[in-house]
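Engineer:
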Amino acid sequence: MSYPGNTRKTLTKKYHNMRNIKKILQTLFILALFLTGTGNVVYADISLTIRDGNTKIFEGAVPLQATGTIDLNDNTGTSHSIDAQSVLSLINDADILSADFSISDLEYYSSFGSLYLKCITGTIMGEKCDNWQYTVNNTYPGIGMDQKVLSDGENVYLYFGPQYKITLNSNSITISDTLTATAQEYDYQNDAWIMRTGVTVGLTQPNPENPWTPTEIQTAAVDANSEANFSSIPEGSYNVGIKEDFYFPTETLTVTAAPASDTGSSSSSSSSGSRKNKNTGSVLGIETKVKFDLEKAFESIILQQKENGSFGENLYTDWTAIALAGGNYQNQTIKLIKYFTESKFEDGHLTDYERHAMALMALGLNPYNTNNENYIKKITDSFDGKQFGDTNQDNDDIFALIILQNAGFTQSDKIIADDISFILNRQKENGSWDENIDMTGAGMQAIAFFNQNEWVANALVKAREFLKQNQKNDGGWGNVSSTAWAIGGIWALSEKPENWIKNDNTPLDYLAINQDTDGGIKNLPAGEEGESLQNKIWETAYAITALSGKTWNQIMQKFEKLEEESISPPIEKKMPTKITAKEATPKKQKINSENLPSQNTATVINAITENKEEILPIKKGWFRNLLEKIFNIF
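For the sequence shown, my numbering assigns the number 118 to the initial residue and increments by one for each residue that follows.
1) Count the other C-beta atoms from every protein chain shown that fall within 10 angstroms of the C-beta of Asn489, then say buried if there are 16 or more, exposed otherwise.
2) Give a yes or no on contact between the segment 367-376 and the segment 286-302, applying the rule of three or more CB pairs nearer than 8 Å.
3) Please determine, among Trp329, Gly558, Ala534 and Gly443, the residue with the shortest C-alpha to C-alpha distance to Gly502.
4) Short check: CB of Gly560 to CB of Gly506, under 9 Å?
5) Answer with buried or exposed for Met312, where buried requires no fewer than 16 other C-beta atoms within 10 angstroms of its C-beta.
6) Are there 16 or more other CB atoms within 10 angstroms of the CB of Asn620, so buried, or fewer, so exposed?
7) Leaving aside the five residues before and after Lys495 along the sequence, list all residues of the same chain whose C-beta is less than 6 Å from its C-beta, in chain order.
8) Tell me the residue span of the beta strand (DSSP E) that contains Gly319.
9) By how many angstroms is the C-alpha of Ile439 removed from the C-alpha of Lys395?
10) Could you say which of Ala663, Asp247, Gln306 and Lys173 lies nearest to Thr240 if we only look at CA atoms?
11) Just the C-alpha distance for Ala183 and Leu541, rounded to the nearest angstrom, thanks.
12) From Glu571, Cys236 and Asn327, pick the residue whose C-alpha is nearest to that of Lys455; which is it?
13) Quick one: what does DSSP say Ile618 is sitting in, helix, strand or coil?
14) Quick check: the segment 659-674 against the segment 512-529, are at least 3 beta-carbon pairs closer than 8 Å?
15) At what residues does the alpha helix (DSSP H) containing Thr790 begin and finish?
16) Since Leu189 and Leu234 are thought to touch, with beta carbons under 8 Å apart, how far apart are those beta carbons, to the nearest angstrom?
17) Within 10 angstroms of its Cβ, does Val179 collect 16 or more other Cβ (buried), or is it exposed?
18) If we count Cβ pairs, one from each stretch, closer than 8 Å, do we get three or more for the segment 621-629 versus the segment 566-574?
19) In angstroms with no decimal places, state the Cα-to-Cα distance between Ser529 and Asp536.
20) Distance check for Ser221 and Ile213, CA to CA, integer angstroms please.
21) Restricting to runs no shorter than 4 residues, where is the alpha helix (DSSP H) found entirely within the segment 263-310?
22) Which residues in the same chain as Thr726 place their Cβ atom closer than 7 Å to its Cβ, once the five residues preceding and following it in sequence are excluded?
23) Please find out if some non-hydrogen atom of the ligand ATP comes closer than 8 Å to the beta-carbon of Asn670.
24) What three-state label does DSSP hand Val179 in the structure shown?
25) By DSSP, does Thr240 sit in helix, in strand, or in coil?
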């Protein structure tokens, strides 16, 4: 850390003086515990360990102070009152007790009303800054150290470094190599890195429109060994991180072209004309099935994007937005987002608003306030106390449930509980909704999140049986639209469409034979005339979404429920306890107290106020106040 002028000499001298004083204070501190009387009751000890790697800076019991407040000075000399039983107060007390370390930089953030433990200086480790994490009883509290209040007998760990990391088998590979990424978690008690499961590894590239949300290129869940494998990675530079950690921190990866000898001699061949009447082929005499070319499907609809960013009418643009949300076509997505944020949505029916809200949420746009429109309010305003919109229809209720459960509403909200009840009551005896494949698939996606409810669980079983009974011998459900929505229902069951086999065909086979050579979908069954380009875009978007491996709920980003007039950002796009002082907070970014710069983050706050006077934090607890009165030395 740099200091202006000769301040470093002054601080160094003061630091050594403090160390000498601390030796006296170690004795006086214990004495003070008995001199304070009943007015300052000292609570049970707190076990505190401070470590930097394999170096334990402090390990021992620190008495928990009486209830009340203490005063701490930040690095500008300004005094702040904090809870005397907070974690920061405890570390302050340990600082007074120990000659081995000192809090050397304490910053105050007025926007959060919180102190941030930036740096600790130790006699062995020197000064370490911006990466201090803490736990209480082996749990990361998720709030600042000055906000977390302790109880008798708790165990506190403070350590320097990241909570999680990712390692790569190589930081430089070719397109023919396989990348293995390993997710790890820091065992701070034993200074060891252990396996981390249940997370997703992602290869990302910077998003110029939103630095907080990089563009995902490829993702893969880690296996039982905490590893995720990637192959056929395009040439380029990537950052590799964990999706659940909002891709922070990351490892860099460079992918280059393979040497000529590695390219092999195999070549692919394709038949001319439409593929939709042929689902098998032959390679070296071995019978193979045609597979859906997802990249070609993306390319086919991207070619139809208008100059203004849309894909024609709202109906087609919205469904294409949902499809693009799962792709890696950044430029086209940015154009579409620009179109949504600048164009007025004119359609006026409830189902139109619902579809558009889904499209916005899939792209991370706030449904509570995009282009000065609150689409969630338009939906909730249609609720009559029992159901949404038309009392004779249930499609508006199904889509309302899909949207609202991603907009901060829960089953504890009456509007959600009533909607679920209405939807379940509309299910037919045969398990369908409206005797319709499409709506049955949509209904399954709407209620699947609530499957711990027995009524919901039974409804899903019945709906599954309806789909099973109506699956055709070609693996599909009569047309691409119905098949795509049925696949969404299958994903909602946490099942895989490739396991739904009928006459040796799966739903994926059906989509493959209905893909044309240009990558798009023929929206009408083979042999029929009259398909339009717009409908082809629509059907292709459906197929892409179905093949994403996600339900609509999983594609859409989650937003906080609107409170009064505030606008809540997507939860996945919040700064997850990571704050960089030099970078501006994104517009409409709502930061809660849990996002204060502290604890379990690998945060980097590097900005130093120009020409500020660097002053070691002055700590004042009840014991310090006592010493002031006795010795008048501070």
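All residues carry an ideal CB built from backbone N, CA and C; glycine is no exception.
Structural biologist: In brief:
1) exposed
2) yes
3) Ala534
4) no
5) exposed
6) exposed
7) Tyr470
8) Thr317 to Gln322
9) Summary for Lys395: the model assigns pLDDT 47, below 50, so the residue's position carries little reliability; its value from the coordinates is reported in the next sentence. Each residue's alpha carbon lies about 29 Å from the other.
10) Lys173
11) 55 Å
12) Asn327
13) coil
14) yes
15) Residue 790 falls outside the range modelled here, since the chain spans only 118 to 751, and no answer is possible.
16) Incorrect: roughly 10 Å between the Cβ atoms, too far for contact.
17) buried
18) no
19) 12 Å
20) 13 Å
21) none
22) Confidence at Thr726 is low in this model, with a pLDDT of 31, below 50, so the placement of that residue should be treated as unreliable; the coordinate-derived value is given next. Closer than 7 Å at Cβ, skipping near neighbours: no residue.
23) Summarising the ligand content, the structure contains no ligands, and the ligand ATP is consequently not present.
24) strand
25) coil
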